[in-house]
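As numbered in numbering that gives the first Met the number 0, residues 0 to 237 make up the sequence shown, in order. Note that beta-carbon positions come from the ideal geometry of N, C-alpha and C, so glycine has one too. Below you'll find the structure, written out as C-alpha cells, and then a few comments.
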Amino acid sequence: MNRQFIKTALVIGIVSTSLAFCSSNDKKAAPDPKDTKPVEDTKPTDSSAAEPKDVKPVDDAKDAKDSTVAKRDLANPGEELFAQLNESLKSARYPDGKAIEGFAYKKWEIPNKKDFIKWIKDSGAVLKKGLDDLPAIYTLEIAGHTDTVGPETPEGAKKGNMFYSEQRAKEVKQALVKLGFPEKRIATKAMGSSNPIPGIPGESAQNRRVTFQFLVTEAPATDSTDSAPKTDVKDESK
Numbered sequence: 000m001n002r003q004f005i006k007t008a009l010v011i012g013i014v015s016t017s018l019a020f021c022s023s024n025d026k027k028a029a030p031d032p033k034d035t036k037p038v039e040d041t042k043p044t045d046s047s048a049a050e051p052k053d054v055k056p057v058d059d060a061k062d063a064k065d066s067t068v069a070k071r072d073l074a075n076p077g078e079e080l081f082a083q084l085n086e087s088l089k090s091a092r093y094p095d096g097k098a099i100e101g102f103a104y105k106k107w108e109i110p111n112k113k114d115f116i117k118w119i120k121d122s123g124a125v126l127k128k129g130l131d132d133l134p135a136i137y138t139l140e141i142a143g144h145t146d147t148v149g150p151e152t153p154e155g156a157k158k159g160n161m162f163y164s165e166q167r168a169k170e171v172k173q174a175l176v177k178l179g180f181p182e183k184r185i186a187t188k189a190m191g192s193s194n195p196i197p198g199i200p201g202e203s204a205q206n207r208r209v210t211f212q213f214l215v216t217e218a219p220a221t222d223s224t225d226s227a228p229k230t231d232v233k234d235e236s237k
C-alpha cells in the first residue's frame, strides 16, 4: 500500500514538473504585448513637396531670341534706333514739295533760307536726334537728285544730272554744318535722275531735291559705343 502511494506521488510530481517547464517555455516564446512597440507607418512621399513652387516653365524659344538680340545689340549698338530713324526718313526730303516745289532748274542753291530753317526745326528734328543719340559708327548721308531731263554725265556744254545732284547734296550739308551739325558725320552722294518720286512726272521740279538716311560706317579710333557730342542747332532765321 505504501509502495503504491509512493509510485503514484512520483508520477504526479513528474507530470507537474513537465507541465511547469512547458508553461515557462510558452511564456518566453510569446512576447509581452506591453513590451511591443507599435510599428510606425511609412508616410507616403509627397512628390509635390519636392517641387519648387512658382517655377515658370522655361521658354527655350524666348531665351534663344533674347540671346540673339543681346548679341546683335552688342555687335551693333543703336541698331533699333537706327532702323526707326531711317523708317521716318523714307518720306523726308528737302524741299518738301509743298511751300517750295524743288530746287530751281540747273541750280543747287537753297531756294529760301528761312524756309530751310523752318524745315530743320520740323522734319529735320529726326536728323538731329540721329546724330545726337546714335553712336559714332553711324553717318548721315545726304543724297542729291535731279529731274529726268538732260544727260546724266557731262555732254558738251551740259554738266549733267550727276553734277547738279552732287552740288545740291553738298549745299544742304554746308547749310546743316552752319547750323551746328557735325561735318565729319555727314556724307554726300549724287543720285542724278536715277530715283524719281513715284507717281509724279519725271520732269517735275519735285524731283529736284535731297533725301536723307543713316548709314553704318567703320568704327573710328575712339570708343564707338559713345554717342557723338550733342548737336547744337544754331538759329539763323533772323
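Give the range of the alpha helix (DSSP H) segment to which residue 163 is assigned. It spans 160-177 - the alpha helix (DSSP H) in which residue 163 sits, taken as one unbroken run.
Between the CA atoms of residue 94 and residue 212 - distance to the nearest angstrom: Distance from the CA of residue 212 to the CA of residue 94, rounded to the nearest whole angstrom, comes to 16 Å.
With DSSP run on the structure shown, which of helix, strand or coil describes residue 82? Residue state for residue 82 is assigned as helix, using DSSP reduced to three classes.
Whether residue 167 touches residue 139 by CB criterion (8 Å): Contact annotation: residue 167 and residue 139 have beta-carbon atoms that are not nearer than 8 Å.
Status (buried if at least 16 other CB within 10 Å, exposed otherwise) for residue 205: Flag for residue 205 reads buried.
Rounded to the nearest angstrom, what separates residue 188 and residue 106 at their Cα positions? One C-alpha to the other measures close to 17 Å.
If you run the structure through DSSP and keep just helix, strand and coil, what is residue 215? Assigned with DSSP and collapsed to three states, residue 215 falls in strand.
Straight-line gap, residue 175 to residue 199 (C-alpha atoms, nearest Å): Within the model, the alpha-carbon separation for residue 175 versus residue 199 is close to 28 Å.
Could you compute how far the alpha carbon of residue 77 sits from the alpha carbon of residue 133? So the two alpha carbons sit approximately 6 Å from each other.
Using only alpha-carbon positions, find the residue among 202, 98, 148 and 82 that is nearest to residue 117. With distances taken between CA atoms, residue 117 lies nearest to 98 out of 202, 98, 148 and 82.
For residue 129, the first and last residue of its enclosing alpha helix (DSSP H): That run of the alpha helix (DSSP H) goes 124-132.
Check whether residue 195 and residue 147 have beta carbons under 8 Å apart: Result yes, Cβ atoms of residue 195 and residue 147 sit closer than 8 Å.
Residue closest to residue 209, alpha-carbon to alpha-carbon, out of 144, 158 and 149: Closest by C-alpha distance to residue 209, out of 144, 158 and 149, is 144.
Per DSSP, cross-strand counterpart(s) of residue 209: In DSSP, residue 209 forms a bridge with 93 and 143.
Between the C-alpha atoms of residue 90 and residue 110, what's the straight-line distance to the nearest angstrom? Looking at the two C-alpha atoms, the distance is approximately 20 Å.
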